[in-house]
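Line order of the protein sequences matches chains X and S.
Reminder that position 127 of the first sequence reads as 127 in UniProt numbering, one-by-one numbering, no gaps.
Reminder that position 48 of the second sequence reads as 48 in UniProt numbering, one-by-one numbering, no gaps.
Cβ coordinates follow ideal geometry from the N, Cα and C atoms, glycine included.
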Amino acid sequence: MGVVTESQFHVLAVDDSFFDRKMIERLLQKSSCQVTTVDSGSKALEFLGLRESNQSDDPNATSTSPEVEINLIITDYCMPGMTGYDLLKRVKQSAAFRSIPVVIMSSENIPARISRCLEEGAEEFFLKPVKLADLTKLKPHMMKTKLKKESENPAEEVEPEIEEEEESPVIEILTLHQELESEQQEPMLTNNKRKAMEEVISTEFVRLFVGMLLLMLLNRVGYSPNISHRELVEMAEHRKELEKMTKPVVDTLRSYQDLPPDKALAALAIEDKKRQFAAAEKYLEEVLQSALETSDE
Amino acid sequence: LHAMNTVVAQLQRRFQDYLVSLYQQGFLDNQFTELRKLQDEGTPDFVAEVVSLFFDDCSKLINSMSRSLERPENVDFKQVDSGVHQLKGSSSSVGARRVKNVCISFKECCDVQNREGCLRCLQQVDYEYKMLKTKLQDLFNLEQQIVQAGGAIPQVNIN
Numbered sequence: 001m002g003v004v005t006e007s008q009f010h011v012l013a014v015d016d017s018f019f020d021r022k023m024i025e026r027l028l029q030k031s032s033c034q035v036t037t038v039d040s041g042s043k044a045l046e047f048l049g050l051r052e053s054n055q056s057d058d059p060n061a062t063s064t065s066p067e068v069e070i071n072l073i074i075t076d077y078c079m080p081g082m083t084g085y086d087l088l089k090r091v092k093q094s095a096a097f098r099s100i101p102v103v104i105m106s107s108e109n110i111p112a113r114i115s116r117c118l119e120e121g122a123e124e125f126f127l128k129p130v131k132l133a134d135l136t137k138l139k140p141h142m143m144k145t146k147l148k149k150e151s152e153n154p155a156e157e158v159e160p161e162i163e164e165e166e167e168s169p170v171i172e173i174l175t176l177h178q179e180l181e182s183e184q185q186e187p188m189l190t191n192n193k194r195k196a197m198e199e200v201i202s203t204e205f206v207r208l209f210v211g212m213l214l215l216m217l218l219n220r221v222g223y224s225p226n227i228s229h230r231e232l233v234e235m236a237e238h239r240k241e242l243e244k245m246t247k248p249v250v251d252t253l254r255s256y257q258d259l260p261p262d263k264a265l266a267a268l269a270i271e272d273k274k275r276q277f278a279a280a281e282k283y284l285e286e287v288l289q290s291a292l293e294t295s296d297e
Numbered sequence: 001l002h003a004m005n006t007v008v009a010q011l012q013r014r015f016q017d018y019l020v021s022l023y024q025q026g027f028l029d030n031q032f033t034e035l036r037k038l039q040d041e042g043t044p045d046f047v048a049e050v051v052s053l054f055f056d057d058c059s060k061l062i063n064s065m066s067r068s069l070e071r072p073e074n075v076d077f078k079q080v081d082s083g084v085h086q087l088k089g090s091s092s093s094v095g096a097r098r099v100k101n102v103c104i105s106f107k108e109c110c111d112v113q114n115r116e117g118c119l120r121c122l123q124q125v126d127y128e129y130k131m132l133k134t135k136l137q138d139l140f141n142l143e144q145q146i147v148q149a150g151g152a153i154p155q156v157n158i159n
């Protein structure tokens, strides 16, 4: 079928359903990835080299199979015993493996679940059935770990300090550039990420709004609940924080009012990436500047 | 040689028409197209294998759900719900549209613990999967005939 080359991505797929494992395996193979499938979260941890009951905070924990380098973990959410969410947490808590991107799959579209996973550090959330097109979105994430790993093993030892500093911003820019390019070519945030963003923003606002509305109504009918001054202050601060958090998003969204929602959010994502890109460029400039200055002395 | 070419062309035409009709009649949906994308020269039996797995799952799950629903005074709705969930997932992955739709109603009956409704849905699921099994068997037979006649399986675009 294909020669196994060193530069292929290796994905660890976790699903308790034999049928789903077969599907995801074929999908990944068709996307030119090497695949290892396991049927539970605990087997996934075993494969990585983390034992279930073990000290996950042990910084010295290394993979029992050091020659197997995993570039991505894709896992089902609903599994008996350890759920995909539990597995995600374990991976992100581990110093050795937290850099591995994790993708969650689920057959149920539950916004709270999606945002919980994204908040915990999942790169993407796919609704089943997963399609080939979904997997193309994973390439940039897997690239990051590959490039990072390659930068961690510099060929020469000569001036390793400066070399490392110069390499990582370049790598960051490279991957950001790739992401930017692919975003621009396919101007559509994953449906799920977009939905999750919308849900988080709207549920937070709705919660606060409903809470305040209720208070107002209760006040009207003469009921003054015992809310301490502190709680009121907290609510006001929370509202301010929310506004601050969402202001740039809302402003940009307003400026894209005439665009259909999908394009608007996609444009927002592109703006965001441009900002990251500019910041990375600026950082690189600074590093180069300081390197120049020190070499002038 | 000319005669062989006409035979292949005819078979290909029959295959194409049959496949399109399955979509039009709602037996299959877009996910089946996605499934066919995963098949290539290296894995020529992928779709047939997956579909066969699916039908085996259907048979097993329907049997176990039937047992759970058997005695009206002692229905294990949790077990039924789990079975419907699995069936809905796999039918969705395969593109078995009618089966999937029955599963949606089935889940609703299960949620409100409606035993009669569940039994009706169970019967329907059984009917639908067996119907689809026959249809797909016919489709695979056509594929076989094309290959045996030396032709290639046409890429069918569904609008």
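Report task. Starting from the beta carbon of V50(S), find every residue of chain X whose beta carbon is closer than 9 Å, and list them in chain order. Result -> Indexing the second sequence from 1 puts residue 50(S) at position 50. Neighbours of V50(S) on chain X, chain order: F19, K22, M23 and R26.
Query raised in the report: Taking 8 Å as the CB-CB limit, is G89(S) close to chain X?
Result: As a first step, residue 89(S) is located in the second sequence; it is residue number 89 there, counting from the start. Yes, G89(S) counts as interfacial toward chain X.
Query raised in the report: Are the beta-carbon atoms belonging to F47(X) and V38(X) less than 8 Å from one another?
Result: The residue you call residue 47(X) lines up with position 47 of the first sequence. The residue you call residue 38(X) lines up with position 38 of the first sequence. Going by C-beta atoms, F47(X) is nearer than 8 Å to V38(X).
Report task. Would you give the residue range spanned by the beta strand (DSSP E) that C33(X) belongs to? Result -> One-based indexing of the first sequence puts residue 33(X) at position 33. Annotation: the continuous beta strand (DSSP E) that includes C33(X) extends over C33 to V38.
Query - Contact list for L132(X) against chain S, beta-carbon separation under 8 Å - result: Position 132 of the first sequence, counted from the first residue, corresponds to residue 132(X). Residues of chain S passing the Cβ test: E34, K37 and L38.
Report task. Flag L132(S) as yes if its beta-carbon sits less than 8 Å from any beta-carbon of chain X, otherwise no. Result -> One-based indexing of the second sequence puts residue 132(S) at position 132. No, L132(S) lies away from the interface with chain X (no Cβ there is under 8 Å from its Cβ).
Query raised in the report: Are any of the Cβ atoms in chain X nearer than 8 Å to that of F54(S)?
Result: Numbered from 1 along the second sequence, position 54 holds the residue referred to as residue 54(S). So, interface residue.
Query raised in the report: Of all the residues that make up the UniProt domain "HPt" (43 to 146) of chain S, which are near chain X by a beta-carbon distance shorter than 9 Å?
Result: T43, F46, E49, V50, L53, F54, D57, H85, Q86, K88, G89, S90, S92, S93, V94 and G95
Query raised in the report: How about F27(S) and K130(S): are their beta carbons less than 8 Å apart?
Result: Along the second sequence, read from residue 1 onward, the residue named residue 27(S) stands at position 27. Along the second sequence, read from residue 1 onward, the residue named residue 130(S) stands at position 130. By the CB criterion at 8 Å, F27(S) and K130(S) fall outside the cutoff.
Report task. Report the option in S107(X), L218(X) and R239(X) whose CA atom is closest to the CA atom of D76(X). Result -> The residue you call residue 76(X) lines up with position 76 of the first sequence. Closest option to D76(X), Cα to Cα, is S107(X).
**Report entry** Pick from K89(X), F125(X) and V103(X) that is closest to P111(X), judged by C-alpha positions
**Finding:** Translated into the one-based positions of the first sequence, residue 111(X) becomes position 111. P111(X) has its Cα closest to that of F125(X), out of K89(X), F125(X) and V103(X).
Query raised in the report: Are the beta-carbon atoms of L38(S) and K30(X) separated by less than 8 Å?
Result: Position 38 of the second sequence, counted from the start, is the residue given in the question as residue 38(S). Position 30 of the first sequence, counted from the start, is the residue given in the question as residue 30(X). Closer than 8 Å, so yes.
Query raised in the report: Which residue from L19(S), N141(S), R13(S) and G117(S) puts its Cα closest to that of V80(S)?
Result: Sequence index remark: in the second sequence, residue 80(S) carries index 80 (1-based). Among L19(S), N141(S), R13(S) and G117(S), the Cα nearest to that of V80(S) belongs to G117(S).
Query raised in the report: When the distance is taken between beta carbons, is S94(X) closer than 8 Å to L50(X)?
Result: Against the first sequence, residue 50(X) aligns to sequence position 50. Against the first sequence, residue 94(X) aligns to sequence position 94. Contact: yes.
Query raised in the report: Across which residues does DSSP place L288(X) in a beta bridge pair?
Result: The residue given as residue 288(X) occupies position 288 in the first sequence. L288(X) is not bridged to any residue.
Query raised in the report: Going straight from the alpha carbon of V14(X) to that of V102(S), what length do you get?
Result: Numbered from 1 along the first sequence, position 14 holds the residue referred to as residue 14(X). Numbered from 1 along the second sequence, position 102 holds the residue referred to as residue 102(S). Their Cα atoms are separated by approximately 28 Å.
Query raised in the report: So is Q148(S) in contact with chain X if we call contact Cβ pairs under 8 Å?
Result: Within the second sequence, residue 148(S) is the residue found at index 148, counting from 1. It does not: the Cβ of Q148(S) has no partner Cβ on chain X nearer than 8 Å.
Query raised in the report: Would you say K144(X) reaches chain S, if we count a Cβ-Cβ gap shorter than 8 Å as a contact?
Result: The residue given as residue 144(X) occupies position 144 in the first sequence. Judged by the 8 Å Cβ criterion, K144(X) is not in contact with chain S.
Query raised in the report: Does the beta carbon of P80(X) come closer than 8 Å to any beta carbon on chain S?
Result: Translated into positions along the first sequence, residue 80(X) becomes position 80. No, its Cβ sits nowhere closer than 8 Å to a Cβ of chain S.
Query raised in the report: By the 10 Å Cβ neighbour count, where 16 or more other Cβ atoms means buried, how is G89(S) classified, buried or exposed?
Result: Here residue 89(S) is taken as the residue at index 89 of the second sequence, counted from 1. Classification of G89(S): buried, given that the 10 Å Cβ count is 16 or more.
Query raised in the report: With distances taken from CA atoms, which of L122(S), S105(S), R98(S) and V47(S) is nearest R67(S)?
Result: Position 67 of the second sequence, counting from 1, holds the residue named residue 67(S). Closest in alpha carbon position to R67(S), among L122(S), S105(S), R98(S) and V47(S), is L122(S).
Query raised in the report: Looking only at C-alpha atoms, which of L19(S), L139(S) and Q113(S) sits nearest to F77(S)?
Result: Along the second sequence, one-based indexing puts residue 77(S) at 77. When each option's Cα is compared against that of F77(S), the closest is Q113(S).
Query raised in the report: Cα-Cα, which of Q155(S), S91(S), R36(S) and I146(S) is closest to N5(S)?
Result: Here residue 5(S) corresponds to residue number 5 of the second sequence, with the count starting at 1. Answer by Cα proximity: I146(S).
Report task. Check whether the Cβ atoms of A122(X) and V102(X) lie closer than 8 Å to each other. Result -> For the purposes of this step, residue 122(X) is taken as residue 122 along the first sequence, with counting starting at 1. For the purposes of this step, residue 102(X) is taken as residue 102 along the first sequence, with counting starting at 1. A Cβ-Cβ contact shorter than 8 Å links A122(X) with V102(X).
Query raised in the report: Candidates L87(S), L35(S) and L19(S): which alpha carbon is nearest L139(S)'s?
Result: Numbered from its first residue, the second sequence carries residue 139(S) at position 139. Nearest C-alpha to L139(S): L19(S).
Query raised in the report: What are the boundary residues of the beta strand (DSSP E) that includes residue 169(S)?
Result: In the structure as shown, chain S starts at 1 and stops at 159, and residue 169(S) therefore has no counterpart that could be examined.
Report task. Grab the span of the alpha helix (DSSP H) containing S82(S) for me, first residue to last. Result -> Here residue 82(S) refers to the residue found at position 82 of the second sequence. Segment F77 to V94, the alpha helix (DSSP H) holding S82(S).
**Report entry** Backbone secondary structure at D111(S) - three-state DSSP
**Finding:** For the purposes of this step, residue 111(S) is taken as the residue at position 111 of the second sequence. Taken through DSSP and simplified to helix, strand or coil, D111(S) comes out as helix.
Query raised in the report: DSSP three-state call for E164(X): helix, strand or coil?
Result: Counted from its first residue, the first sequence places residue 164(X) at position 164. Confidence at E164(X) is low in this model, with a pLDDT of 40, below 50, so the placement of that residue should be treated as unreliable; the coordinate-derived value is given next. Note: E164(X) maps to helix in three-state DSSP.
Query raised in the report: Closest to R97(S) by CA distance: which of Q148(S), K133(S) and G83(S) is it?
Result: Taking the second sequence and counting its residues from 1, the one referred to as residue 97(S) is at position 97. In terms of CA proximity to R97(S), K133(S) leads the group Q148(S), K133(S) and G83(S).
Requested in this report: Please confirm whether V75(S) and R115(S) have their CB atoms less than 8 Å apart.
Outcome: On the second sequence, residue 75(S) is found 75 positions in, with the first residue counted as 1. On the second sequence, residue 115(S) is found 115 positions in, with the first residue counted as 1. Going by C-beta atoms, V75(S) is nearer than 8 Å to R115(S).
Query - Per-residue DSSP class, three states only, for E108(X) - result: On the first sequence, position 108 is the one that residue 108(X) refers to. Residue state, collapsed to three classes: coil.
Query - Residues near N109(X) by beta carbon distance below 7 Å, same chain, minus five either side - result: Working through the first sequence from its first residue, we reach residue 109(X) at position 109. Same-chain partners within the cutoff: L127.
Query raised in the report: Can a CB atom of chain A be found closer than 8 Å to the CB of K137(X)?
Result: No chain A is present in this structure, whose protein chains are X and S.
Query raised in the report: How many Å lie between Q31(S) and Y127(S) at the Cα?
Result: What you label residue 31(S) is simply residue 31 of the second sequence in a count that begins at 1. What you label residue 127(S) is simply residue 127 of the second sequence in a count that begins at 1. Distance between the alpha carbons of Q31(S) and Y127(S): 21 Å.
Query raised in the report: Where do the N-terminal and C-terminal ends of the alpha helix (DSSP H) with E123(X) fall, by residue?
Result: On the first sequence, residue 123(X) is found 123 positions in, with the first residue counted as 1. It is not in any alpha helix (DSSP H) - E123(X) carries neither H nor E in the DSSP assignment.
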